[in-house]
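Okay, structure first, notes after.
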Amino acid sequence: FDVGFQALVTTRYHGAWTLFADTRRGNMPVGMVMAFYPHPDPALAPFMIVADIVWFPWASARNRIETVVYFFATLRSSIPMLVCGRGELDKRFFEMICQHGVMRRVGTTFNVTKGEPVAVFETRLAS
323 FDVGFQALVT
333 TRYHGAWTLF
343 ADTRRGNMPV
353 GMVMAFYPHP
363 DPALAPFMIV
373 ADIVWFPWAS
383 ARNRIETVVY
393 FFATLRSSIP
403 MLVCGRGELD
413 KRFFEMICQH
423 GVMRRVGTTF
433 NVTKGEPVAV
443 FETRLAS
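In C-alpha coordinates:
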(Lines of atoms letter the chains of each structure in order from A and count residues from 1; the text may use other names and numbers.)
(Lines give C-alpha, C1' and ligand atoms only; values in the text may rest on other atoms or scores of the structure.)
Protein backbone atom coordinates (compact mmCIF):
# COMPACT_ATOMS: atom_id res chain seq x y z
CA PHE A 1 0.00 0.00 0.00
CA ASP A 2 2.73 2.45 1.01
CA VAL A 3 4.61 2.22 -2.31
CA GLY A 4 1.41 2.39 -4.38
CA PHE A 5 0.10 5.34 -2.39
CA GLN A 6 3.35 7.27 -2.72
CA ALA A 7 3.44 6.62 -6.47
CA LEU A 8 -0.16 7.80 -6.86
CA VAL A 9 0.38 10.99 -4.90
CA THR A 10 3.68 11.92 -6.54
CA THR A 11 2.42 11.34 -10.10
CA ARG A 12 -1.03 12.96 -9.78
CA TYR A 13 -0.49 15.82 -7.37
CA HIS A 14 1.97 18.61 -6.67
CA GLY A 15 1.06 18.81 -3.00
CA ALA A 16 -0.38 16.56 -0.29
CA TRP A 17 -1.04 17.51 3.33
CA THR A 18 -2.26 15.57 6.34
CA LEU A 19 -4.86 17.30 8.51
CA PHE A 20 -4.50 16.82 12.27
CA ALA A 21 -7.09 17.50 14.97
CA ASP A 22 -7.42 17.19 18.72
CA THR A 23 -9.71 14.25 19.38
CA ARG A 24 -10.71 12.25 22.45
CA ARG A 25 -7.75 9.99 21.66
CA GLY A 26 -5.31 12.90 21.39
CA ASN A 27 -3.93 14.81 18.40
CA MET A 28 -4.22 12.56 15.38
CA PRO A 29 -4.64 12.65 11.59
CA VAL A 30 -8.26 13.09 10.49
CA GLY A 31 -7.86 13.67 6.75
CA MET A 32 -5.73 14.54 3.76
CA VAL A 33 -5.76 17.31 1.14
CA MET A 34 -4.27 16.71 -2.31
CA ALA A 35 -3.82 19.47 -4.88
CA PHE A 36 -2.16 20.19 -8.21
CA TYR A 37 -1.08 23.17 -10.28
CA PRO A 38 -3.11 23.75 -13.48
CA HIS A 39 0.09 24.42 -15.44
CA PRO A 40 3.03 22.06 -16.04
CA ASP A 41 5.37 24.72 -14.64
CA PRO A 42 4.20 25.58 -11.09
CA ALA A 43 6.00 28.93 -11.32
CA LEU A 44 3.54 29.94 -14.06
CA ALA A 45 0.42 28.78 -12.20
CA PRO A 46 -1.45 31.48 -10.27
CA PHE A 47 -3.05 28.97 -7.87
CA MET A 48 -3.39 25.30 -6.91
CA ILE A 49 -6.55 23.29 -7.46
CA VAL A 50 -7.65 21.11 -4.57
CA ALA A 51 -8.44 17.81 -6.23
CA ASP A 52 -9.33 15.69 -3.22
CA ILE A 53 -10.04 16.01 0.46
CA VAL A 54 -10.20 12.55 2.02
CA TRP A 55 -11.58 12.15 5.54
CA PHE A 56 -10.70 9.28 7.83
CA PRO A 57 -13.70 7.47 9.36
CA TRP A 58 -13.09 8.89 12.85
CA ALA A 59 -13.12 12.55 11.71
CA SER A 60 -16.07 14.34 13.28
CA ALA A 61 -17.91 17.21 11.58
CA ARG A 62 -16.14 19.59 13.95
CA ASN A 63 -12.73 18.08 13.09
CA ARG A 64 -13.44 18.59 9.40
CA ILE A 65 -14.44 22.22 9.72
CA GLU A 66 -11.67 23.21 12.14
CA THR A 67 -8.88 21.50 10.20
CA VAL A 68 -9.95 22.85 6.80
CA VAL A 69 -10.32 26.39 8.15
CA TYR A 70 -6.86 26.14 9.72
CA PHE A 71 -5.38 24.57 6.56
CA PHE A 72 -6.64 27.30 4.21
CA ALA A 73 -5.89 30.09 6.72
CA THR A 74 -2.30 28.87 7.00
CA LEU A 75 -1.61 28.38 3.29
CA ARG A 76 -3.60 31.17 1.68
CA SER A 77 -0.83 33.76 1.86
CA SER A 78 1.72 31.50 0.18
CA ILE A 79 -0.41 29.26 -2.07
CA PRO A 80 -3.73 30.59 -3.40
CA MET A 81 -6.15 27.67 -3.83
CA LEU A 82 -9.29 26.89 -5.79
CA VAL A 83 -11.75 24.13 -4.87
CA CYS A 84 -14.94 22.81 -6.45
CA GLY A 85 -17.85 21.85 -4.22
CA ARG A 86 -19.35 18.84 -5.99
CA GLY A 87 -22.84 18.10 -4.81
CA GLU A 88 -25.00 19.87 -2.28
CA LEU A 89 -23.11 18.57 0.78
CA ASP A 90 -19.74 19.81 -0.52
CA LYS A 91 -21.26 23.14 -1.47
CA ARG A 92 -22.71 23.63 2.01
CA PHE A 93 -19.44 22.54 3.61
CA PHE A 94 -17.41 25.14 1.70
CA GLU A 95 -20.06 27.81 2.28
CA MET A 96 -19.51 27.20 6.00
CA ILE A 97 -15.75 27.55 5.49
CA CYS A 98 -16.45 30.88 3.73
CA GLN A 99 -18.21 32.08 6.88
CA HIS A 100 -14.84 31.86 8.65
CA GLY A 101 -13.37 34.39 6.21
CA VAL A 102 -10.70 32.22 4.60
CA MET A 103 -12.56 31.46 1.34
CA ARG A 104 -15.18 32.96 -0.94
CA ARG A 105 -17.46 31.58 -3.60
CA VAL A 106 -16.44 32.78 -7.04
CA GLY A 107 -19.05 31.16 -9.24
CA THR A 108 -20.42 28.02 -10.78
CA THR A 109 -18.98 25.80 -13.46
CA PHE A 110 -20.77 23.28 -15.64
CA ASN A 111 -17.56 21.68 -16.96
CA VAL A 112 -16.40 19.66 -13.95
CA THR A 113 -19.32 17.23 -13.74
CA LYS A 114 -21.20 16.81 -17.00
CA GLY A 115 -24.68 18.35 -16.85
CA GLU A 116 -24.40 19.30 -13.20
CA PRO A 117 -23.58 22.71 -11.73
CA VAL A 118 -20.57 22.76 -9.42
CA ALA A 119 -19.86 25.59 -6.97
CA VAL A 120 -16.34 27.08 -7.21
CA PHE A 121 -14.54 28.57 -4.20
CA GLU A 122 -11.16 30.25 -3.78
CA THR A 123 -9.05 31.20 -0.81
CA ARG A 124 -9.06 34.84 0.21
CA LEU A 125 -5.70 36.53 0.30
CA ALA A 126 -4.48 37.04 3.84
CA SER A 127 -4.51 40.68 4.89
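Under our numbering, think of the first position of the sequence shown as 323, with each following residue one higher. Ideal Cβ positions, reconstructed from N, Cα and C, are used throughout, including at glycine. Just so it is clear, the structure is predicted and the values come from calculations on it, not from any experiment.
- For a cut-off of 8 Å, the C-beta gap from threonine 431 to arginine 408 is around 10 Å, too long to register as a contact.
- In terms of Cβ geometry, arginine 427 and phenylalanine 415 do not form a close pair [threshold 8 Å].
- The three-state reading of DSSP puts glycine 326 in helix, counting H, G and I together.
- Leucine 341 carries a strand assignment under DSSP once its states are collapsed to helix, strand and coil.
- If you look at phenylalanine 358, you'll find it isn't in any alpha helix (DSSP H); it sits in the beta strand (DSSP E) that goes 348-358.
- Checking the DSSP bridge columns, you'll see leucine 404 partnered with Ile371, Glu444.
- The beta carbon of phenylalanine 342 lies closer than 8 Å to those of Asn349, Met350, Pro351, Val352, Thr389 in the same chain, with the five residues before and after it left out.
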